[in-house]
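Its first residue numbered 2, the sequence shown is counted upward by one per residue in the working numbering. Using N, Cα and C, we set each Cβ at its ideal position, and we do this for glycine too. Quick caveat: nothing in here was measured; it's all calculated off a predicted structure.
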Amino acid sequence: MEIELSDGRKETFEVHPTQFHRLRFAVATLLKEMENLEMRNVLKL
């Protein structure tokens with residue numbers, strides 16, 4: 002897995018497939034929740 006840090010550097014590290022899928026699911030859940038919050042704010046306007 003590779004991530005880009007805020008200063009532009011890239012860090013590479015290895016994770017177990019189970020950990021990778023947990024992280025992937027957590028990120029997807031967070032993005033969906035953010036989308037839901039944005040939709041609620043749009044509906045209030």
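Inter-residue CB distance, residue i and residue j (contact presumed, cutoff 8 Å)
i	j	result
Met2	Phe21	7 Å
Glu12	Leu6	6 Å
Residue i - DSSP class collapsed to helix/strand/coil
i	result
Glu15	coil
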